[in-house]
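Step one of this worksheet: look at the structure below.
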Amino acid sequence: QLRRVVPGSFVVPGSLSAPVRMRLRTKPDLCSACAPPGDEEVCCDLYMLAAGRDPNSASLNLGAVGATLDARGALAVDRQLCAVDGVVWGAGDVLGPPSLASTGIQQATAAIAAMFGTADMEGAGLDYRPAALVGNPYRYPVGIWTTPEISYFGQSPKQAARSGVDIVEGIARYTATLRGHVNRCTTGTLKLVVESRGGAVIGVFIFGDEACELIHYGMEIVNSGRTVFDVRDTCFAAVTYHELFTVAADDAIRKLGEQGSGAKIVARGLC
6 QLRRVVPGSF VVPGSLSAPV RMRLRTKPDL CSACAPPGDE EVCCDLYMLA
56 AGRDPNSASL NLGAVGATLD ARGALAVDRQ LCAVDGVVWG AGDVLGPPSL
106 ASTGIQQATA AIAAMFGTAD MEGAGLDYRP AALVGNPYRY PVGIWTTPEI
156 SYFGQSPKQA ARSGVDIVEG IARYTATLRG HVNRCTTGTL KLVVESRGGA
206 VIGVFIFGDE ACELIHYGME IVNSGRTVFD VRDTCFAAVT YHELFTVAAD
256 DAIRKLGEQG SGAKIVARGL C
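If you read the sequence shown in the numbering used here, its first letter stands for residue 6, the second for the next number, and so on.
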């Protein structure tokens with residue numbers, strides 16, 4: 006039975022063959038209809054908790070200097086990343102999502118520049134506040150260091166559909182590449198989200214070995230407005246995983262040809 010619970014105490018044994026023991030506590034305010042509040046001990050082989058992050062600001066006493074915190078403890082800042090004029094600036098996890106090291110470094114650099122008057126974020130059209138970062142799929146790549154790795158940048162098919170953009174998806178399996186054979190890969194996929202009208206790559210999604218490294222080439226493709234024809238015609242060193250981009254581009258071009266739309270596609274002789 007699916008229930009809303011919060012983790013309590015847990016014990017991770019020294020032996021991999023012994024189960025993890027933990028106590029889960031039902032949230033009475035969220036789940037009173039499905040189970041009475043209380044504790045329950047669960048034994049399992051593997052436990053994954055995906056609960057997000059809360060800013061570690063409770064002990065900073067920021068309210069004493071006039072700073073504003075939201076319900077989760079995130080510090081409210083203006084366009085200059087300033088929370089209290091001339092007193093407090095913020096960067097990184099204390100501001101809330103996306104709570105990434107990469108965006109935190111950018112925020113810190115911008116905050117220091119604003120602090121010493123060497124930059125004007127608003128005048129330069131820059132915005133490093135959480136809402137501006139999270140709401141824009143083109144602001145930063147996401148890398149998830151699982152095994153295998155997961156990474157993505159740009160628009161997903163669902164986001165493109167909401168924007169009214171017709172797309173095709175170019176798919177490449179790791180097993181279809183030379184590097185995949187050399188490394189004996191059995192899983193892994195790269196997907197290019199491609200605009201149908203002209204073949205521009207607007208999103209890259211990767212699941213597999215070195216995905217968090219490969220995504221930066223994908224980010225460059227998207228940011229520079231390159232098309233699947235540009236990707237297909239690029240010569241990569243062998244034997245590398247970059248062949249995935251060529252395979253995915255070929256797949257997207259084939260689907261564009263089947264779709265039969267777009268002046269650029271016609272000019273390439275695909276229709």
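Glycine included, each C-beta is placed from N, C-alpha and C at the ideal position. Note that the coordinates shown come from a computational prediction; the quantities given were computed from them, not determined experimentally.
### Query
Which of helix, strand or coil does DSSP assign to residue 174?
Strand.
### Query
Do residue 74 and residue 100 come within 8 Å of each other at the CB atom, strictly closer than that value?
no
### Query
From this set, 224, 85, 22 and 240, which residue's C-alpha is nearest residue 159's C-alpha?
224
### Query
Between residue 206 and residue 182, what straight-line distance do the alpha-carbon atoms span, to the nearest angstrom?
Cα to Cα, residue 206 sits roughly 21 Å from residue 182.
### Message
If contact is defined by three or more beta carbon pairs under 8 Å, each pair taking one atom from either stretch, is the region 227-246 in contact with the region 144-151?
### Response
no
### Query
Helix, strand or coil for residue 200 per DSSP?
Strand.
### Query
Looking at residue 134 and residue 98, is the spacing between their C-beta atoms short of 8 Å?
By the CB criterion at 8 Å, residue 98 and residue 134 fall outside the cutoff.
### Task
For the region 192-200 and the region 114-130, state whether three or more C-beta atom pairs, one from each stretch, are separated by less than 8 Å.
no
### Query
Leaving out five residues before and five after residue 176 in sequence, what residues of the same chain have Cβ atoms less than 7 Å from its Cβ?
194, 196, 253 and 256
### Task
Keeping to the same chain, check which residues put their C-beta closer than 6 Å to that of residue 89; ignore five residues upstream and five downstream.
70, 71 and 72
### Query
Distance, Cα to Cα, residue 202 vs residue 171?
7 Å
### Inter-residue spacing [alpha-carbon to alpha-carbon] between residue 95 and residue 19
40 Å
### Task
Reducing DSSP to helix, strand and coil, say where residue 250 ends up.
helix
### Task
Apply the 10 Å Cβ neighbour rule to residue 216 and answer buried if 16 or more other Cβ atoms are within range, or exposed otherwise.
Taking all protein chains in view, the Cβ of residue 216 is crowded by 16 or more other Cβ atoms within 10 Å, so the residue is classified as buried.
### Query
Should residue 84 and residue 60 be called a contact, given that it needs their Cβ atoms to be closer than 8 Å?
If you check the CB distance, residue 84 and residue 60 do not come in under 8 Å.
### Task
Classify residue 234 as helix, strand or coil using the three-state DSSP reduction.
helix
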